[in-house]
Structure formats: structure tokens, C-alpha cells
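Asker: Attaching a single structure in C-alpha cells format; questions to follow.
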Amino acid sequence: SALAAALSDGITDILAPVAQPLLPDETHRPHVVLLVGVNGSGKTTTAGKLAQQWVQAGKKVT
Numbered sequence: 001s002a003l004a005a006a007l008s009d010g011i012t013d014i015l016a017p018v019a020q021p022l023l024p025d026e027t028h029r030p031h032v033v034l035l036v037g038v039n040g041s042g043k044t045t046t047a048g049k050l051a052q053q054w055v056q057a058g059k060k061v062t
């Protein structure tokens, strides 16, 4: 819908200037990533995608 598109564009405009890759600092271990969201919001999918990116970058994911 037009409302959803407008909200998406607005949020993107707000967050774009501060967007940066999520790359854990190697000097501080272990790394813990907390994903929070309501049921069905994509937490598991996002966790899987992050894990895949880190494995491809040669990082250990458990």
C-alpha cells in the first residue's frame, strides 16, 4: 500500500546516514547479537543471513 511504502521510505531516509555493516570487533570476544521483534518479524531469517555472511567472511559462528 501507499502508506507502507511511505513509511518504508521515511525510515530508510532516517537510517541511511548512520547505516554501517555489523562487523564485531575482533579484540572483544565473545560476541553476542540480540535480535528482538514480535512473532513473525523475521528474527530467525535475519540471524541465518547474518551467520551466513560471517561464515563466508571466515568467522566462526556457533
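In terms of our numbering, the sequence shown opens at residue 1 and continues consecutively.
Every residue, glycine too, gets a C-beta built ideally from N, C-alpha and C.
Bear in mind that the values here come from a model prediction, so they are computed numbers and not experimental data.
Using the C-alpha atoms, what's the distance from Ala51 back to Thr45?
Answerer: As a position in the sequence shown, residue 45 is number 45, starting the count at 1. As a position in the sequence shown, residue 51 is number 51, starting the count at 1. Taking the straight line joining both Cα atoms gives about 10 Å.
Asker: Where do the N-terminal and C-terminal ends of the alpha helix (DSSP H) with Leu3 fall, by residue?
Answerer: Numbered from its first residue, the sequence shown carries residue 3 at position 3. Element bounds for Leu3: Ala2 to Leu15.
Asker: State the DSSP-derived secondary structure class of Gly42, mapped to helix, strand or coil.
Answerer: Along the sequence shown, one-based indexing puts residue 42 at 42. Coil, per DSSP.
Asker: Are the CB atoms of Ala47 and Leu35 within a distance shorter than 8 Å?
Answerer: Taking the first residue of the sequence shown as 1, we reach residue 35 at position 35. Taking the first residue of the sequence shown as 1, we reach residue 47 at position 47. Cβ atoms of Leu35 and Ala47: closer than 8 Å.
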